[in-house]
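Numbering (this note's numbering), first residue to last: 65 to 745. First comes the structure, then the notes that go with it.
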Ligand SMILES: Nc1nc2c(c(=O)[nH]1)N[C@H]1C(S)=C(S)[C@@H](COP(=O)(O)OP(=O)(O)OC[C@H]3O[C@@H](n4cnc5c(=O)[nH]c(N)nc54)[C@H](O)[C@@H]3O)O[C@H]1N2
Ligand SMILES: Nc1nc2c(c(=O)[nH]1)N[C@H]1C(S)=C(S)[C@@H](COP(=O)(O)OP(=O)(O)OC[C@H]3O[C@@H](n4cnc5c(=O)[nH]c(N)nc54)[C@H](O)[C@@H]3O)O[C@H]1N2
Ligand code: SF4
Ligand SMILES: [Mo]
């Protein structure tokens, strides 16, 4: 008997800069191996460490997956459920959502979703039904990067038109400011940065692996980057490294901004940020000579003044004329529109324009606590019981008996445990979709390799069936995946249909050469110029200009706690994989040797970390990567698998950023005390 064996070429759709190509070996309808596609320019035959393990382990293990619909049978949060048929589950969901809509209005249905999978259909299609119901969205980017989006929109009119990474070939300097590719974009760390011919400068309070490999690492205290950017501006203006012609013709506000920068001497900037004056000078000249690329990280803006920080840092390309020419530009994210994707079409925003104003993730708990505002919650692609700040409060809000909660997920997360109805979702290996990377200008196929386990279904099919159960027959709620994919590809600049894209895996848009960012030097701001001075920002209460602000150092006995990406997880995804758990080791509190000694702590000692939100007991790990006064505990991890039933978000606060009402998790202050362990008997 012959054994059918084939390799399926597909794309990893995680919320990751890399969007790796993968090859999935399928034998007799079962996956035997998921590996990096050797022909893929990003993954080059190797997936990252977490995916290599988890895609060959929990993702393929039906016992670890959600495989049938479940209905709660015990108290909320206990995780006790009865298996039911899809029909029973959907009748219950439709009945309860219908009741809420009738009795309280559609806005009393809240929905939360994010990037558990970032493929287009699985991300956008469910939004159609939520909009049709008039439900209240929890603003997705407010858990991640809205401060930066808001700041860049004031300055450049868009945050979604980044440099083309291929431009690195023409750049004399790549400045990575507040991103950590060694964890969050592993293949850019392994290949793109080392192969960039220019100098690499990294600005990060943590000496990450990327920072350690850079030509120059500036290590500011967290939340002081606006002051640092003004220090660079000072040097650039003083030494005549600015592009005055560009500034006169294409920018507004340089004379006023320069007046502020004049005061920001390297000495003063050193005092504010902790970065040596000589390094400020060197960074300004490396970057200012150009052509230079600036990668503005998302970690950078998760600060109370994150909007002001990004406005100040992102002024540098304009001041130095690093725009509109080869090898120059900045990147926050590349939005899908520059590959011709119409997100409003995918989400039904044009067909259903009248929906309630979204609420920020920073008021998620408060919103759910209020029974007048929220009677039902629908979640997909998100694990808020683990990812949101103020975890204790979020969990208590999710325990509300009269909050009817529906969660679709691939795995039994902490959020799933708090649901009334659980809907089993197919994984990326089990349905066709499209991936639009947010770093590289590419478009890629996600290709079904096998059927989902049990009765799991792709998000799109789950929400089509939900619409059917609600008796809604609007055609957009029932459009097939194949039709949507065909329409997206027809509108894209690839000229390919899905079969052709599947054949190719990933295509570059355009196929050759690097797009010059803002080649026409027209910016979608009110004035058409770069608005260093922004009346729109001033009107919104942020001031005409960015300010050289630096956060104060914490009071004695307090530390700043950073909780960025871990190389062993993607947000909380992969944190349930046994091999990942073993290899990644336990959750620890990173401390510098001096801070640890002052607290009376040594390697491995248990410490209680406390904030205004809660506390957590974890072992200490001494590291030489942190400046004094800064502690480290990565995001990710499933609370229910940790010793205290909580992850770092037990500590973080839901305090909104200055712009975008977005997360400020890296702005947290904590106190740390040793936990005395009983002496051995
Ligand atoms: N392995 C892995 N990859 C991921 C993720 C993950 O969880 N794990 N998450 C994905 C997601 S959702 C996102 S949004 C991206 C985020 O990826 P990045 O944009 O890299 O953001 P973070 O990892 O949050 O933080 C990056 C760096 O910002 C630094 N930082 C914190 N505060 C400051 C500050 O005040 N100033 C400066 N200069 N730097 C600061 C941190 O020390 C950290 O090293 O990564 C994606 N990729
Ligand atoms: N302390 C701290 N907290 C943070 C951050 C930080 O830097 N520090 N970073 C924040 C950031 S940047 C982000 S983006 C958020 C992310 O937070 P979340 O959006 O909650 O991300 P995940 O934890 O990965 O949860 C995504 C869920 O989607 C599920 N999923 C995957 N594929 C599918 C699918 O096809 N269908 C369905 N229905 N589900 C699927 C996964 O199994 C997973 O449980 O976390 C934030 N939390
Ligand atoms: S998570 Fe990122 S690095 Fe890992 S395989 Fe997926 S795309 Fe590549
Ligand atoms: Mo994110």
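Just so you know, even glycine gets a beta-carbon here, dropped at the ideal spot from N, CA and C.
From what residue to what residue does the alpha helix (DSSP H) around residue i run?
{"i": "residue 738", "result": "That residue, residue 738, is in no alpha helix (DSSP H); its beta strand (DSSP E) goes 732-738."}
{"i": "residue 373", "result": "370-377"}
{"i": "residue 231", "result": "Neither: residue 231 is in no alpha helix (DSSP H) and is coded neither H nor E."}
{"i": "residue 162", "result": "150-168"}
{"i": "residue 344", "result": "341-353"}
{"i": "residue 237", "result": "Per DSSP, residue 237 belongs to no alpha helix (DSSP H); it is in the beta strand (DSSP E), 237-241."}
{"i": "residue 570", "result": "Not the alpha helix (DSSP H): residue 570 falls in the beta strand (DSSP E), residues 570-572."}
{"i": "residue 321", "result": "318-326"}
{"i": "residue 473", "result": "Careful: residue 473 lies outside any alpha helix (DSSP H), inside the beta strand (DSSP E) at 468-473."}
{"i": "residue 672", "result": "Looking at the DSSP string, residue 672 is not in any alpha helix (DSSP H); the run it does join, the beta strand (DSSP E), is 670-674."}
Between residue i and the rest of its own chain, which residues show a CB-CB distance below 6 Å, the 5 nearest in sequence each way excluded?
{"i": "residue 272", "result": "244 and 246"}
{"i": "residue 518", "result": "131 and 132"}
{"i": "residue 128", "result": "122"}
Would you give the residue range spanned by the beta strand (DSSP E) that residue i belongs to?
{"i": "residue 175", "result": "173-177"}
{"i": "residue 540", "result": "Note, residue 540: premise wrong, no beta strand (DSSP E); not H, not E."}
{"i": "residue 71", "result": "69-75"}
{"i": "residue 359", "result": "356-360"}
{"i": "residue 94", "result": "94-100"}
{"i": "residue 195", "result": "No beta strand (DSSP E) contains residue 195, which is instead part of the alpha helix (DSSP H) from 184-196."}
{"i": "residue 626", "result": "622-626"}
Is residue i a contact residue of ligand 2, with contact defined as CB to any heavy atom under 7 Å?
{"i": "residue 572", "result": "no"}
{"i": "residue 366", "result": "yes"}
{"i": "residue 632", "result": "no"}
Should residue i go down as buried or exposed, given a rule of 16 or more other Cβ atoms within 10 Å for buried?
{"i": "residue 414", "result": "exposed"}
{"i": "residue 733", "result": "buried"}
{"i": "residue 563", "result": "exposed"}
{"i": "residue 248", "result": "buried"}
{"i": "residue 333", "result": "buried"}
{"i": "residue 730", "result": "buried"}
{"i": "residue 666", "result": "exposed"}
{"i": "residue 720", "result": "buried"}
{"i": "residue 748", "result": "A question about residue 748 goes unanswered here, because the residues of the chain that appear run from 65 up to 745."}
{"i": "residue 698", "result": "buried"}
{"i": "residue 69", "result": "exposed"}
{"i": "residue 151", "result": "exposed"}
{"i": "residue 630", "result": "buried"}
{"i": "residue 67", "result": "exposed"}
Does the distance between the C-beta of residue i and the nearest non-hydrogen atom of ligand 4 fall short of 7 Å?
{"i": "residue 115", "result": "no"}
{"i": "residue 80", "result": "no"}
{"i": "residue 283", "result": "no"}
I want to see whether chain D comes within less than 8 Å of residue i, judged by CB atoms only; does it?
{"i": "residue 482", "result": "Here there is only one protein chain, and chain D is not present."}
Can you determine whether any heavy atom of ligand 1 sits closer than 7 Å to the C-beta of residue i, and answer yes or no?
{"i": "residue 721", "result": "no"}
{"i": "residue 244", "result": "yes"}
{"i": "residue 280", "result": "no"}
{"i": "residue 267", "result": "yes"}
{"i": "residue 512", "result": "no"}
{"i": "residue 306", "result": "no"}
{"i": "residue 610", "result": "no"}
So, for residue i: in the same chain, excluding its five sequence neighbours on each side, which residues have a beta-carbon less than 8 Å away from its beta-carbon?
{"i": "residue 542", "result": "528, 531 and 532"}
{"i": "residue 569", "result": "73, 74, 75, 85, 101, 103, 104, 508 and 509"}
{"i": "residue 670", "result": "681, 682, 683, 684, 738, 739 and 741"}
{"i": "residue 633", "result": "114, 639, 644, 648, 698, 699, 700 and 701"}
{"i": "residue 203", "result": "210, 422, 423, 424, 425 and 725"}
{"i": "residue 305", "result": "299, 348, 349, 352, 353 and 384"}
CB of residue i to nearest heavy atom of ligand 3: below 7 Å?
{"i": "residue 160", "result": "no"}
Using a Cβ-Cβ cutoff of less than 7 Å, which residues in the same chain neighbour residue i once the five nearest sequence positions on both sides are dropped?
{"i": "residue 329", "result": "298"}
{"i": "residue 156", "result": "135 and 485"}
{"i": "residue 446", "result": "176, 177, 178 and 180"}
{"i": "residue 589", "result": "220, 221 and 595"}
{"i": "residue 593", "result": "314, 315, 316 and 587"}
Under 7 Å from any heavy atom of ligand 5, does the C-beta of residue i make it?
{"i": "residue 402", "result": "Ligand 5 is not among the ligands present in this structure, which contains only ligand 1, ligand 2, ligand 3 and ligand 4."}
Quiz item: Touch check for the stretch 205-219 and the stretch 476-483: three-plus C-beta pairs under 8 Å?
Solution: no
Quiz prompt | Three CB pairs or more closer than 8 Å across the stretch 117-129 and the stretch 287-296 | solution = no
Exercise. Examine the Cβ distances between the stretch 196-205 and the stretch 348-366 and report whether three or more of them are shorter than 8 Å.
Key: no
Exercise. Tell me, please, whether the stretch 378-393 touches the stretch 296-315 by the rule of three or more beta-carbon pairs shorter than 8 Å.
Key: yes
Quiz item: Counting pairs of beta carbons, one from the stretch 605-624 and one from the stretch 89-96, are three or more of them closer than 8 Å?
Solution: no
Practice problem: Spell out a yes or no on whether the stretch 392-402 and the stretch 221-238 are touching, meaning 3 or more CB-CB pairs, one atom from each, closer than 8 Å. | Solution: yes
Self-check item: Cβ contact (3+ pairs, closer than 8 Å) linking the stretch 455-472 and the stretch 699-718
Solution: yes
Quiz prompt | Three or more C-beta pairs below 8 Å linking the stretch 435-446 and the stretch 535-549 | solution = no
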